[in-house]
Structure formats: structure tokens, C-alpha cells
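When the letters of the sequence shown are read in order and numbered with my numbering, they come out as residues 632 to 1225. Here is the structure we will look at, set down as C-alpha cells.
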Amino acid sequence: MSEFAAKAETARSDAPVYNGGHPSHMDGSASKPEKFEPKQEQDNRQTADLLLFAVKQSGQSDTAKQAERLLPPIMIDYGNSIVTSDLKSKAERAQLSPPAKEASRPPIKWEDAPSQAKEPAKIADKPPEKAPEKPVEKTSEPRQEKTSERRPEKQAEKQPDKQTDKQIGRPIEGRSERLEEKEKERLPVDGREAKEYLHGDGKSLPPIARDFANIGRHMLQQQEAAEKLRPQIYVAQKSGDSRFPQGTKENPFTSIQDAVDRSAGGTVINVAPGIYRERIKVDRSDISIKTNPENPAIIEPGAGAKGRGDAGFSISSYTSNVAIKNFEIRNFDGTKGGIRIDGRNISDITIAGNNVHSASGAEGISVYGRGKEESERVKNIDIVSNRVHNLKLGQLEAMPLNGNVSEFKVIGNAGYNLDNLYIDAIGGEKTSPNKDLDQPRKGLIAYNFADGISSTNNGSYKREPSAAGIYVDGAKQLEIRHNYVRGSDFGIEIASEHKGLAARQINVAGNIFENSKLAWLTRGGEANRPGGARETSVWNNTVIGNKRVQTQENVDLQTFRIFGNQAYQTAETIRELPTAIAVLMRKNRERTGR
């Protein structure tokens, strides 16, 4: 674990005031619930904000052209005016690249798998022999009754001998017929510069995490501009001049809950600095609650706090168009979390720029979809540029998305010093009474930073390492791209803990996994809880240090493909990175002069 992680609790955000916006979301109609298309090659019928962000270098260099070809939409003039470019037609792309090669595209179109999928590359690792299964009685026990044997270390498999450190930069697993095209999606980098960009000085968030957070902030520009034109009301710790209407700057509310309860649709609630011991329930639509990120209001929803909620902020059923931004939320032991979205028919929620930390037995930022029908799903949830750290979670997770949840984006967040799972997309736990809808889907998890995610100090798991930076537990139709996970028990896990439910249609590309304790990737279910994993591609990722892949039960090796990943012994030996991260690194060099 880095020195930064050890000192994380005292770290403060230096994020500037950012503009906000709530972008449109892709169509979530129920007419074809199984159809999902990875974002890299699809056209503009699904909005550009669901694609990945990257930085375009200035000028017309070959690097800029390559970045534009491979990573639409491109963010232009990073840090100033940001413009997203539309996807270029194939003809336009042909002018930027040699015509001999077909344009790169994701390895699987999910609606075609497995019937029309081409024969996958030979998988180097083989699943272990099945141990005799113990009979498991079907039960609907609450989530806290999970066992601690979810990911036993004994099943971790070392990569074959061909993947020794002497072969730094070689693919970790077998090549596919499209690998030559995939390799274009990396750029050369200097190893020493890469180490500095990834690790920083060990005392604060590294440069890559700050850039990830800025990508999230730039998503929100339009929302912030629109909020300036809406009615404003104010909250402060002390009341003002009673000659003025309550809620004005001159006579602010003294309770955030009172301001919420008395606000009309379209209102922006501005909260002044100070400590507010409240649990705020948000059951009104079309409101924004915000504070100044440079001097934020602090919410302490623990023992003795007032209010109608069960978390620092709780958003309940039949609520839409709500934003909660820039708060510090701490000391929330005895609650259900820092920020909680829980219910049915909840949509268009933005959780951005919050600093959630220092609590035991409570989740950080959580989303629970309890709707029985597709129309009742929790949808269009943006969790952007938050920090979640120094939580003692027990058997809970720091950032779970659970149940009937669709069309969500988790972008630009940082999680560190957590003693259980960080980002967790969970299905099959009967959060929704409809088992066919009880799984998160159609989501984007991108540009998130994770450090020190480990259960070795968690008594709920017998202090055994079992935590992952990103965990896909029975979810489907997810894009997981350009995240950086380091020093965790597992880098990423794609699995299911429930019989008959598989994690599927997952695209994992362009991520960095560094110094995972047990394995950078684990997949499948366990013999005593046989879920599974299938229809997944893991490609073009960078693995530093531990190169082991763990394969458990019920992995469909015909449709779960691992190829085109690169392994390095240390960060200093890196020679290439996925294009999006390489371009961010080069822009950081231009900005800092290093």
C-alpha cells in the first residue's frame, strides 16, 4: 500500500469549482432488453457522453490523429473549453489511417454471442477440477450473511511459463485474429514518466487520479450552466435578517432538510460552509443541493443527527432530476451510508464531487433498485468525481449498485483505504422481486482510481484477502474501461455468487492493474455458490506486477476471452499504455513542464 493510502484520511481535495451538467442517456426501453452494443464502435444514436473521454493533443501530430481515430469523442483543449467530437464515418477514419486494416471494434457484439461469435483464441489457463459440491439450501438470507469464502486464494493460478518477466510487454494470454488491430490502441510511453504519473509523490492523489476526476467534472458543464439560471435558495448555520424571506442570502434556512421540504421544483439549494448534523431525505424532484468544493459544508449524519433520512443524503422512490454535489460526508456510523439511492422509479440523479469518508458498518455511495417492472427501474444515475475512503465496511461494499438498476455511469471517482469491495455491480440478491430484472445492466465504469482495497484487516472475512477494486457480481452489459486499480487483493472480478445467474456481456479494456495481491483477474463462481461468467472480453489491459489469473467454476471458456493484454514487472518498465491513458499522461507533461 502506498504512503498516500496510509495518510489518506487527512488528505483534502484541491479540486477547483467545476461546471456541471446532466447529459442525456442512452435509450433504456424494454423492447429488446438483451441487446447491448459496446460503445467503442457504435454511432451517435447513443449519446456521446456514454463513450469514453480522452484528451486530444494540440496540433496535428500523428499522435493526435491516432488518438482521434481510436478514441472518440475527443476532449479538445483540456482544462479550458472542452468540446466532444462526433464519431467520424469510416470514410473519414480511412483518411487518418492506412486503409489496409479494418477499423478496430470490440471483440464481441453481445447480441451475436455465442451463436455467431468466431472461435476464440486459445485460452492459456484452464479451470480447476471441480471439487465435490456441498448441498446448498436455497435461501433468501440478508446480504450480511455472506460467507467469507468468496474468493479462496488456493484457486489462483499462475500464468504459464511463457509469461515470465523476460517477456515484458508480451500478451498475457493467447492472440486472436483481431489482436493486430487491437495493438493499435496503445501508444509508446517512457517508463520513468509513467511511474511518476501513476504513483505521484505518495502524499496525495497521483496525477492520473486528478485527471480522472477532471474528466468526470467536464461531463457536468451544461448542468452547472443551467443551474445558474434557476431559482436559488440558501442554507447557513445561523439565521439572518427576519425582514427578508426565509431562504434568501439575507435570511437563509438553518437546516438542509427544511430547505428541501420547502423547495419548489427547479430550485438550487446552496449550502454555506459549516458542520450540519443531519440525515437529509430527498423525496422531491428537480432540485440541486450543492456547496462550494473549495470550502464545503460538512455533513455528519451519525448519532444525534436530525432529519428524516437513513443516510447522509437518501433519495427515495419516485424521485427524479436530483443533484448532490461537493459535500464532505463523514462520521456516519449507524446509518445506511453517506449517500443512498434506494427505491423504484428513480431517474436522472447526479452524485458528484463529494468526499465520503471515516465510518464503520455503512456504505459510501450506494444504489438499490427495487422495482418489479422495467418501467420501475432506477436509471440514468451518474456517480462522478467523488472520493470514498477510510471506511470499515465489514461485509458491505463502498460503492454498490444492486438490483434493478440500468443506464448508469461511474466515472472519475477515487476509492482508497477500504477493507472490502470498492465498485460492485450486484445481481441476484432479491433486491428486486423480479429475478429477470434483479441485476445492474447497461452501465459504464470508467476512469476510476482504486488504491489499497483489501480485507486483510477485516474480521468479517477472517482477515483473509478477498476484496476487489471492481467486482461484477451477476451484472450484465457493462463497459469497464480505463480504470487504474493498484494494491488490491484482486484487481477485477467477474463472477456470480448465485446459482443460475452469470455475469455476462462484460467488456473490460484499457485498464491498468498494478500489484494485485492474489490475481489481477478472477472469473467464475464457487462450487458452494455456483454462479458463473460468460460472453466477456478482457483485452488491451496493462498488468504490472502480479500476472496471475484465477479461474473458478462455471466459466464458459468459449465466450469468456482474455487476449491482447500486456504485462510488466514494474511501472518503470512500462513501454506502452492504452491510448486514452497515454494521451492523458502526455497532456500532464505539457501542463506541468516535466
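The beta carbon of each residue, even a glycine, is placed where N, CA and C say it ideally should be. These figures come from a predicted structure and were not determined experimentally.
Output yes or no for whether 8 Å exceeds the beta carbon distance between residue i and residue j.
i, j, result
"Ser989", "Asn1035", "no"
"Val953", "Ile946", "yes"
"Asn1138", "Ser1168", "yes"
"Asn976", "Ser997", "no"
"Thr879", "Tyr865", "yes"
"Gly1105", "Ile1042", "no"
"Ala1134", "Ala1164", "yes"
"Ala934", "Gly968", "no"
"Ile920", "Val902", "yes"
"Gly1090", "Leu1132", "no"
"Leu1208", "Ala840", "no"
"His1113", "Ala1077", "yes"
"Tyr1102", "Asp1069", "no"
"Asp842", "Asn1172", "no"
"Asp1050", "Lys1023", "yes"
"Phe944", "Ile906", "no"
"Leu818", "Val1116", "no"
"Asn926", "Pro904", "yes"
"Glu1095", "Ser1085", "no"
"Phe963", "Ala942", "yes"
"Pro862", "Thr898", "yes"
"Gln1136", "Glu1166", "yes"
Residue i: which of the options sits nearest, CA to CA?
i, options, result
"Gln1183", "Gly933, Gly1155, Thr1204", "Gly1155"
"Pro924", "Arg1008, Lys956, Ile906, Glu931", "Lys956"
"Ser1097", "Phe1191, Glu1124, Tyr907", "Glu1124"
"Pro1071", "Pro862, Gln1108, Ile929", "Gln1108"
"Ile929", "Asn985, Ile918, Ala895, Pro876", "Asn985"
"Glu909", "Gly1105, Thr898, Ala890, Ala895", "Ala890"
"Gln912", "Pro932, Gly905, Asn901", "Going by the sequence as given, residue 912 is Lys instead of Gln. It is Pro932 whose Cα lies nearest to the Cα of Lys912."
"Lys1010", "Lys1066, Thr950, Lys1061", "Thr950"
"Gly940", "Tyr1053, Ala903, Gln888", "Gln888"
"Arg915", "Lys1023, Val899, Asp892", "Asp892"
"Gln1026", "Arg1018, Lys1040, Ala993", "Ala993"
"Tyr1199", "Gly822, Arg817, Leu818", "Gly822"
"Glu827", "Pro838, Glu1166, Leu818", "Pro838"
"Gly896", "Glu858, Lys1066, Asn1196, Arg1222", "Glu858"
"Lys1148", "Ala1126, Gly1122, Trp1170", "Gly1122"
"Val820", "Arg1222, Pro862, Thr1153, Thr1210", "Thr1210"
"Ala1140", "Ala1150, Ser1127, Arg1192", "Arg1192"
"Glu1038", "Arg1008, Glu1221, Val1019, Asp1082", "Arg1008"
"Ala1126", "Phe1194, Thr1153, Ala867, Asp973", "Thr1153"
"Ala867", "Asn1021, Ile900, Ser894", "Ile900"
"Ala1081", "Tyr1092, Lys1061, Tyr1053, Lys1066", "Tyr1053"
"Ser978", "Leu829, Lys1040, Ile1212", "Lys1040"
"Glu1110", "Gly833, Glu1060, Trp1170", "Trp1170"
Taking DSSP's pairing of strands, which residues face residue i in a bridge?
i, result
"Asn1138", "Glu1110, Ser1168"
"His1020", "His988, Tyr1047"
"Ala1099", "Phe1121"
"Val820", "Per DSSP, none; premise fails for Val820."
"Ala1056", "Leu1032, Val1103"
"Asp1082", "Tyr1047, Arg1117"
"Glu1145", "Arg1117, Ile1175"
"Arg1072", "Ser1037"
"Leu1208", "Leu818"
"Gln1026", "Gln1026 is not bridged to any residue."
"Glu994", "Gly968"
"Val1227", "Residue 1227 lies beyond the stretch modelled for the chain, which goes from 632 to 1225, so this question has no answer here."
"Lys1010", "Ser978, Ser1037"
May I ask you to check if the CB of residue i is nearer than 7 Å to at least one heavy atom of the ligand FMN?
i, result
"Gly833", "Here there are no bound small molecules, and the ligand FMN is not part of this structure."
Practice prompt. For the stretch 872-879 and the stretch 1138-1149, state whether three or more C-beta atom pairs, one from each stretch, are separated by less than 8 Å.
Written response: no
Worksheet item: Should the stretch 1043-1054 be regarded as contacting the stretch 1163-1180, the criterion being three or more beta carbon pairs within less than 8 Å?
Response: no
Item to complete: Let me know the beta strand (DSSP E) ranges lying completely inside the stretch 918-978, each 3 residues or longer, listed in chain order.
Response: 918-922, 928-930, 944-946, 951-956, 959-961, 968-974
Discussion item. Whether or not the stretch 992-1011 and the stretch 967-982 are in contact is what I'm after, with contact meaning three or more pairs of Cβ atoms, one per stretch, closer than 8 Å; do they touch?
Written reply: yes
Discussion item. For the stretch 1185-1193 against the stretch 1201-1211, do three or more pairs of beta-carbon atoms, one drawn from each stretch, fall closer than 8 Å, so that the two count as touching?
Written reply: no
Worksheet item: Can you list the alpha helix (DSSP H) stretches of 4 or more residues lying completely in the stretch 817-893, in chain order?
Response: 822-830, 838-849, 852-858, 887-892
Discussion item. Could you check whether the stretch 1011-1020 touches the stretch 833-849, counting it as contact only if at least three pairs of C-beta atoms, one from each stretch, sit closer than 8 Å?
Written reply: yes
Worksheet item: Does the pairing of the stretch 1001-1008 with the stretch 1023-1031 give three or more beta-carbon distances under 8 Å?
Response: no
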